[in-house]
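Heads up: the structure comes next, in structure tokens.
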Amino acid sequence: MRTGSIFLSIRLRKYPFLRFLSNLLRSCWLFFPSLVFIILAMVAFSQLSQGQDILISFTETAGAFGHVLAAKMIFLVAIFFWVYVSWYSSRMVAYIKSWQHREAVRIIDPVLSDQAYASLYDMELRFLHRFPRIIGYGCLLVVMIVLSLLLFPGSWVQEQPFLVLIGAALLAWLADRTLIRLVQIPGKSALLRNIAWVLFGLVLLLPVLYVKYDLFSSIPYILLLLLLLFFLYMLYINVRRQHMIREGSKAGRITGIHPAKPFEKLVERSMKFLHLPNEEKSYFAVFNLVAAIGLCFYLLAINSLAASVQIGPFAVILLAFAVLLGFGNMLSALSCKFQVNFHFFIFLFAAFLPTPDHHIVRTGSLSERQLDPAIYEKRQQLSEYFYHWIKSRPEIDTASSYDMYLVLANGGASRSAYWVASVLGKLEDASLQNPRGRFSRHLFCLSGTSGGGLGIANFYTTLLHQQKKEPVKGFEASGREFLRQDFLSFTLARMLGPDFFNYIPLLNKFVPNEDRAEALEQAIERGIDASYYRVGFDSTWFDQCLTQTGVPHSLPVLFINTTRVKDGNPGVVSNIHIAPNIFNRRVDVAALLPRDQTIRLSTATILGARFPYISPAGRINQLKTPSTPNGIDTTRAHYFVDGGYFDNSGAGAVQEMIRTLLKLAAASPDDEIRKRSAKLNIRVIQITNSPQGTVPLKPIGPFVNDLLSPLLTITGAFDMQTTVNDRRFITYIQDLQQQAPKGVFRSFEYIPIHLYNDPDVPGDTLSKGPYAMNWFISDSVRNQMDRRLVNQPRLIALLKEFDLITGN
């Protein structure tokens, strides 16, 4: 007699609890794709501040009526798509597993009747029948729970969301049992069907009323709508089930009779392959209809930036989860049918078979734009740029002192970019009437990482494109309007779409050669840019920012910090030459580009903001000149990720630059340069966007200590590395303040401008946040940042200096 796991429950019949536990664990394994995405959704939206900010943005209803209504209706389509695909694709797996189990038992005991089989394996069959329903309920329950957390921030529910989910799922299971009994009572089924139709009408009507009367901004009203959708789903699957039973009494399983219509024949063959009963036709038809509609929105989000922004990040995630779990359940169904673990082979093929590399950094041709192919080789050295900078400012001669600003911008995605651009724009606006020159004229260097790199690049390109415009206040507004936009939805759509299927053999042949990092770049380039001072990412190449030997450059030095993957070496994308002897062998990323090749400014910016898993490491192919006359060119592949892996503020490169500037000013043979340098006040502004102060040291359990302490230490060291680098830089500036060589520079000053509370400023206690770090900012978080902008104490002090100078 054959033995196997399917007969384990027979041996456990005397132990009901163990039998229940065995079936529960096997069901979790069987339906793990659906459960994985339920868990991912719960973690993303309950434990991550980025997910919570996405939820907050869903409650915001700014915009035209039609625009807002379309976004909310698409959300309903997305959530129904996720729920229905989760439920019915799991149901199809259950049917195949049930058929497989019945056939195996039939081999062992050919005379066992269907009635006796159902009695013998009653618990197993109940799990196969009911577990997909619980999965569908779980999808809706997750959305309701994470939204309810916005009403009770910091509550115990946020600490233990999965306990709440399990408890809610148990209540849904009990309600489902009651409803199963009710639909079997004569007369009740018709009543429940009518209630379902009423709920269906309400679910369609209420979004219109919600948008008209701004009720989507109220979380209780959103929860009410989701609760109605929950009851509608519960009634639908139970009322339709009763209808299916009635249909089943008229017709058995699928027969060999072929329908006349080709489409019906295809449906019948598909259902037969999946071992679905013939009375499931209506369910199967709705499943395909819902899948087709949801898939259309999913493909729109992948292929259209405008569509992905309209859909929004919340709905994009739900649409993607539905597609990916549907794919996972399809593999589970095939694994059950053919008794081969296709999931294992997919992982095996993805790990060991060659995969198309779509992470090569975008480049363009210089010669096609009639530019010198060697333009990157002719960038100025730091010494030339510094001397030109001093020479082009004759106003220093008549001043008693002259401020020279160096700006550091810490990383932090759109949070950092928005804060950095707002601060720099505010300083520029305040200095437009300054008789000693605008802030940008005093600006020597901009150094940033990740989102900070985007913030300084935003300010830089705004200066680049405004030089012929009448100077009016608008730099702050330009940066804020541009960087408030949604750069996340299109990136997520590519991440949870083509970049995922790129690892699936055969399917990757149809994946476009555009990854999620390129999607992020395109979202920046094609953002709405209608301010008086255009940002101009859509038309700006990095070669337009370059200094050139022998040509004075009116804009500051630009440092976009990145990190090379293979050796962890820091790199810099810069408009000046990065000399290894000055910058401690940092990688000069621009010098790696092949001759006649260039990159966009957006590409250069994101090269320092590639933080996995949202953005993969970007590859630059460096052509290596052969060492022998007859040799051939070889290619070295350089992969770069977020600069925050090594230095999240860019302080290292700036410190190395200051050391060299001291030597250049002191050793210059030009008397004019030495005299002007002696009047310079070197003022370093560091714009941060993370909480200040120490991390609370809480106890960790013995299990975590033994198992995860190396990982926790590495993670802590990653965060602490930037802190140590910054403290080293601050100490260096303080040492220069006290011990600077006389006659070289007049003074040194370090000015931190924190988004969060400044621990060194008494009374600065109103900016506790939290400010979510993401490529998307909700209006709620953005408004908090705007309020911080007008009461940041050190920024106010700087602005007052300009007011005193201008006499305002």
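First residue of the sequence shown: 71, per the working numbering; consecutive thereafter. Every residue, glycine too, gets a C-beta built ideally from N, C-alpha and C. If you're wondering where the values come from, they're calculated on a predicted model, not measured in any experiment.
Identify, in the order they occur along the chain, each residue of the same chain with its Cβ nearer than 7 angstroms to the Cβ of PHE270, setting aside the five sequence neighbours on each side.
Contacts found: LEU302.
Starting from VAL273 and walking both ways along the alpha helix (DSSP H), at which residues does that stretch end?
Residues 258 to 282.
So, for PHE629: in the same chain, excluding its five sequence neighbours on each side, which residues have a beta-carbon less than 6 angstroms away from its beta-carbon?
Excluding residues up to 5 positions away in sequence, SER517, VAL642, SER644, GLY720, ALA723 lie with their Cβ nearer than 6 angstroms to the Cβ of PHE629 in the same chain.
Identify whether GLU584 lies in helix, strand or coil by the three-state DSSP scheme.
Residue state for GLU584 is assigned as coil, using DSSP reduced to three classes.
In whole angstroms, give me the CA-to-CA distance for GLN862 and ARG439.
Computed Cα separation, rounded: 44 angstroms.
Anticipated Cβ contact below 8 angstroms, TYR158 with TYR353, distance rounded:
Right, the Cβ-Cβ distance comes to about 6 angstroms (below 8 angstroms), so this counts as a contact.
What whole-angstrom Cβ distance do TYR488 and ARG744 have, given they're in contact under 8 angstroms?
Going by Cβ atoms, the distance from TYR488 to ARG744 rounds to 41 angstroms, so no, they are not a contact pair.
Please determine, among LEU275, PHE653, ASP499, TYR475, the residue with the shortest C-alpha to C-alpha distance to GLU540.
Nearest option by C-alpha distance: ASP499.
Flag this pair as yes or no: are the beta carbons of PHE408 and LEU401 separated by less than 7 angstroms?
Going by beta carbons, PHE408 and LEU401 fall outside the 7 angstroms limit.
For ASN827, which residues in the same chain have their Cβ closer than 7 angstroms to its Cβ, ignoring the five residues on either side in sequence?
Close CB contacts of ASN827 within its chain, under the 7 angstroms cut and outside five residues either way in sequence, are with GLN762, ASP834, THR835, SER837, LYS838 (chain order).
Beta-ladder partner(s) of ARG798, from DSSP
Paired residues: none, contrary to the question.
Can you tell me the Cβ-Cβ gap for ARG656 and ILE646, rounded? I've got them flagged as a contact below 8 angstroms.
With a beta-carbon spacing of about 12 angstroms, ARG656 and ILE646 fall beyond the 8 angstroms limit used to define contacts.
Identify which residue in PRO626, PHE150, PHE90 has its Cα closest to the Cα of SER358.
Contrary to the premise, residue 358 reads as Asn rather than Ser in this sequence. Per the Cα distances, PHE150.
Among all the DSSP beta bridges, which residues are the ones paired with ASP658?
By DSSP's assignment, ASP658 forms a beta bridge with VAL642.
How about ARG564 and ALA589: are their beta carbons less than 7 angstroms apart?
A Cβ-Cβ contact shorter than 7 angstroms links ARG564 with ALA589.
Just the C-alpha distance for MET341 and ARG196, rounded to the nearest angstrom, thanks.
Between MET341 and ARG196, the C-alpha separation is close to 22 angstroms.
By DSSP, does LYS694 sit in helix, in strand, or in coil?
In the structure shown, LYS694 sits in a strand (DSSP, three-state: E or B).
Quick one, which of LEU452, TYR472, GLU726, ILE598 has its alpha-carbon nearest ASP556's?
Among LEU452, TYR472, GLU726, ILE598, the Cα nearest to that of ASP556 belongs to ILE598.
Would you say GLY638 and GLY678 are within 7 angstroms of each other, going by their C-beta atoms?
No. Outside cutoff.
State the Cα-Cα distance for the pair PRO290 and PHE397, rounded to the nearest angstrom.
Taking C-alpha positions only, PRO290 is separated from PHE397 by approximately 34 angstroms.
Any idea if ASN759 is buried or exposed, counting beta-carbon neighbours within 10 angstroms, 16 or more meaning buried?
Label assigned to ASN759: buried.
Relative to the C-alpha of TYR283, which residue among ALA483, LEU139, ALA238, PRO568 is closest?
Restricting attention to ALA483, LEU139, ALA238, PRO568, the CA atom closest to the CA of TYR283 is found in LEU139.
For the pair the segment 616 to 628 and the segment 413 to 427, tell me if three or more CB-CB distances fall below 8 angstroms.
Touching, no.
Assuming SER208 contacts LEU235 under a Cβ cut-off of 8 angstroms, what Cβ separation, rounded to an integer in Å, is found between them?
Checking the sequence shown, residue 208 turns out to be Gly, not Ser. Correct: roughly 7 angstroms between the Cβ atoms.
Using the beta-carbon count (16 or more within 10 Å), is GLN185 buried or exposed?
Answer is exposed; the Cβ neighbour count stays below 16.
Go ahead and label HIS345 buried or exposed: buried means 16 or more other beta carbons lie within 10 angstroms of its beta carbon, across all protein chains shown.
That one is buried.
Measure the alpha-carbon distance for PRO86 versus ARG310 and round it to whole angstroms.
Across the structure, PRO86 and ARG310 are spaced so that their CA atoms are roughly 31 angstroms apart.
Taking TYR488 as part of the alpha helix (DSSP H), name the residues at either end of that continuous run.
DSSP places TYR488 inside the alpha helix (DSSP H), whose first and last residues are 483 to 500.
Determine the DSSP secondary structure at MET565, reduced to helix, strand or coil.
For MET565, the secondary structure class from DSSP, reduced to helix, strand or coil, is helix.
Enumerate in chain order the residues of its own chain whose CB-to-CB distance from TYR573 is below 7 angstroms, with the five nearest sequence positions on each side excluded.
Apart from the 5 residues on each side of it in sequence, TYR573 sits with its Cβ closer than 7 angstroms to the Cβ of ALA420, THR425 in its chain, given in chain order.
If the criterion is Cβ atoms closer than 7 angstroms, does the pair MET843 and ARG511 meet it?
It is not a contact, given that the beta carbons lie outside the stated cut-off.
From TRP99 to LEU244, what distance separates their C-alpha atoms?
Rounded to the nearest angstrom, the two C-alpha atoms are 23 angstroms apart.
If we ignore side chains and look at the alpha-carbon of each, how far apart do ARG323 and ALA188 end up?
Reliability fails at ARG323, whose pLDDT of 46 lies under 50, so the model's placement of it is uncertain and no value is given.
DSSP three-state assignment for LEU628, whether helix, strand or coil
If DSSP states are grouped into helix, strand and coil, LEU628 belongs with the strands.
Ranges of the alpha helix (DSSP H) found wholly within the segment 197 to 221, counting only runs of at least 4
You should have found no qualifying run.
DSSP state of HIS535, grouped into three classes?
In the three-state reduction of the DSSP assignment, HIS535 falls in the helix class, which pools H, G and I.
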